[in-house]
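So for the sequence shown, the numbering used here puts the first residue at 6; every next one is plus one. Some notes on the structure that comes next.
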Amino acid sequence: MGDVAVGARSGHDGEEHRGRPVGAADPASDGAVTSGNEPGTGGDDGRSGGRPPTDGPEAGGTVPQPKKQRSFWKELPILIGIALVLALLIKTFLVQAFSIPSDSMQNTLQQGDRVLVDKLTPWFGSEPERGEVVVFNDPANWLAGEPTPDPNALQTFLSWIGLMPSAEEKDLIKRAVGVGGDTIECKGTGPLKVNGKALNEPYVYPGNTPCSQDDQGGQFKVKVPKGFIWVMGDHRQNSRDSRYNQADVNRGMVPVDKVVGRAIVIAWPLNRWSTLPVPDTFDQDLSTRSAALTGAPQGLALAGAVPLVLWRRRRIEAATTR
Numbered sequence: 006m007g008d009v010a011v012g013a014r015s016g017h018d019g020e021e022h023r024g025r026p027v028g029a030a031d032p033a034s035d036g037a038v039t040s041g042n043e044p045g046t047g048g049d050d051g052r053s054g055g056r057p058p059t060d061g062p063e064a065g066g067t068v069p070q071p072k073k074q075r076s077f078w079k080e081l082p083i084l085i086g087i088a089l090v091l092a093l094l095i096k097t098f099l100v101q102a103f104s105i106p107s108d109s110m111q112n113t114l115q116q117g118d119r120v121l122v123d124k125l126t127p128w129f130g131s132e133p134e135r136g137e138v139v140v141f142n143d144p145a146n147w148l149a150g151e152p153t154p155d156p157n158a159l160q161t162f163l164s165w166i167g168l169m170p171s172a173e174e175k176d177l178i179k180r181a182v183g184v185g186g187d188t189i190e191c192k193g194t195g196p197l198k199v200n201g202k203a204l205n206e207p208y209v210y211p212g213n214t215p216c217s218q219d220d221q222g223g224q225f226k227v228k229v230p231k232g233f234i235w236v237m238g239d240h241r242q243n244s245r246d247s248r249y250n251q252a253d254v255n256r257g258m259v260p261v262d263k264v265v266g267r268a269i270v271i272a273w274p275l276n277r278w279s280t281l282p283v284p285d286t287f288d289q290d291l292s293t294r295s296a297a298l299t300g301a302p303q304g305l306a307l308a309g310a311v312p313l314v315l316w317r318r319r320r321i322e323a324a325t326t327r
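Laid out in structure tokens, this is it:
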């Protein structure tokens with residue numbers, strides 16, 4: 006009925022307009038336009054107060070539609086991309102996984118173990134300390150002749166994001182026993198000495214001696230330059246470490262800038278999960294300063310005794326001449 010009534014009214018619009026002055030208001034038309042929107046008009050007898058009906062469409066005649074939620078399959082590539090970026094950032098700046106390829110660090114590490122290496126602290130200027138298990142890039146072709154693994158596509162991808170060690174990077178893992186300024190010495194079967202202090206090394210492989218009796222590097226006394234470290238494997242008689250690379254350009258030392266980071270935890274297999282703390286033997290004062298001070302009391306005693314002896318001799322001579 007309403008639609009028909011509106012159509013009839015619009016049919017006489019032209020005639021009614023001719024009978025009115027230009028600009029005169031058409032009550033019927035005004036009522037159709039302003040109904041329900043102005044005081045006193047529409048079917049609410051002015052009680053609406055000029056507010057639009059609460060259950061009707063908003064101004065403009067359209068109801069806003071809620072945003073359609075993105076499907077899971079459309080979001081999945083974005084989530085994977087974010088995960089890959091985070092993995093690369095973690096690998097570059099925080100931690101990286103490495104696989105143990107040999108028995109040179111038994112029994113601390115077994116072949117096939119996966120360790121997590123702290124790569125963050127070196128970014129803040131931290132350098133390796135005595136007793137730490139460190140991963141470092143091959144400093145002077147130590148791995149010459151070692152077979153190079155041929156990873157498949159999945160292994161290559163996992164190594165790229167840091168979940169597996171890279172086959173292209175030639176890395177080694179040993180224990181740092183000396184830092185810049187230290188004097189390291191091995192005589193006979195040991196013990197190993199750092200700045201004249203003997204080390205008690207419970208981490209050495211059972212049945213091994215701290216020092217190896219051979220003429221290929223097992224017997225040595227070296228001073229570590231600043232910016233280098235001296236490394237040895239815990240399996241002393243099965244580790245090609247600093248001792249057996251003294252003929253290279255670094256004389257067996259590892260440059261600090263070749264150190265990737267410190268191994269902090271065995272992450273895999275789960276039944277071997279454990280941390281890799283610095284052994285208690287390195288808690289003693291091994292600095293070169295303390296080694297120098299061990300001879301200081303004797304030197305001071307001698308220096309103090311000389312004037313006393315001279316003074317006593319003069320008194321004896323004076324008494325004799327009298």
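Every residue gets a Cβ at the ideal spot worked out from N, C-alpha and C, and that includes glycine.
Where the beta strand (DSSP E) containing residue i begins and where it ends
i, result
"Gly2", "The displayed coordinates of the chain run from 6 to 327. Any statement about residue 2 would go beyond what the structure contains."
"Gln101", "Val100 to Ser104"
"Lys228", "Phe225 to Lys228"
"Arg119", "Arg119 to Asp123"
"Arg142", "Note on residue identity: the sequence assigns Asn, not Arg, to residue 142. Counting along the chain, the beta strand (DSSP E) containing Asn142 begins and ends at Val138 to Asn142."
"Phe233", "Phe233 to Met237"
"Arg180", "Asp176 to Val184"
"Glu190", "Thr188 to Cys191"
Backbone CA spacing between residue i and residue j [nearest angstrom]
i, j, result
"Pro260", "Thr293", "20 Å"
"Gly195", "Asn276", "33 Å"
"Asp176", "Val122", "12 Å"
"Ala102", "Pro274", "13 Å"
"Val264", "Leu197", "23 Å"
"Val229", "Ala181", "12 Å"
"Val90", "Val100", "14 Å"
"Gln251", "Glu134", "21 Å"
"Lys5", "Pro282", "In this structure the chain extends from 6 to 327, so residue 5 is not present and cannot be described."
"Pro144", "Cys216", "23 Å"
"Val120", "Gln218", "31 Å"
"Asp285", "Ala149", "35 Å"
"Arg241", "Phe162", "35 Å"
"Gly183", "Met258", "10 Å"
"Ile83", "Ser76", "12 Å"
"Thr280", "Phe141", "19 Å"
"Gly117", "Lys179", "15 Å"
"Leu81", "Gln74", "14 Å"
"Gly304", "Ile105", "With a pLDDT of only 49 at Gly304, under 50, the local geometry of the prediction cannot be trusted, and no value is derived from it."
"Trp78", "Leu159", "23 Å"
"Asn243", "Gly266", "23 Å"
"Asp262", "Asp253", "17 Å"
"Glu151", "Gln111", "19 Å"
"Ile87", "Asp220", "55 Å"
Closest residue to residue i among the options (Cα-Cα distance)
i, options, result
"Val236", "Asn276, Ser109, Ile271 and Pro282", "Ser109"
"Thr113", "Leu291, Asp288, Phe287 and Trp278", "Trp278"
"Ala272", "Thr126, Gln115 and Lys179", "Gln115"
"Thr287", "Pro207, Ser244, Ala268 and Asp262", "With the sequence shown as reference, residue 287 is identified as Phe, and Thr is not the correct amino acid for it. When each option's Cα is compared against that of Phe287, the closest is Pro207."
"Asp290", "Ser244, Val270, Val227 and Asn200", "Asn200"
"Ile269", "Thr214, Trp128 and Glu137", "Glu137"
"Thr214", "Ile87, Ile234 and Cys191", "Cys191"
"Ile3", "Leu204, Phe225 and Glu132", "There is no way to answer for residue 3, as the model of the chain reaches only from 6 to 327."
Cβ separation of residue i and residue j, assumed to be a contact under 8 Å, to the nearest whole Å
i, j, result
"Gly185", "Gly232", "6 Å"
"Gly223", "Arg248", "6 Å"
"Trp147", "Arg256", "Not confirmed; about 13 Å, so no contact."
Near the ligand MN: residue i beta-carbon under 6 Å from a heavy atom
i, result
"Gly86", "No copy of the ligand MN appears in this structure; indeed no ligand is present at all."
C-beta contact flag for residue i and residue j at 7 Å
i, j, result
"Val209", "Asp239", "yes"
"Ile189", "Val139", "no"
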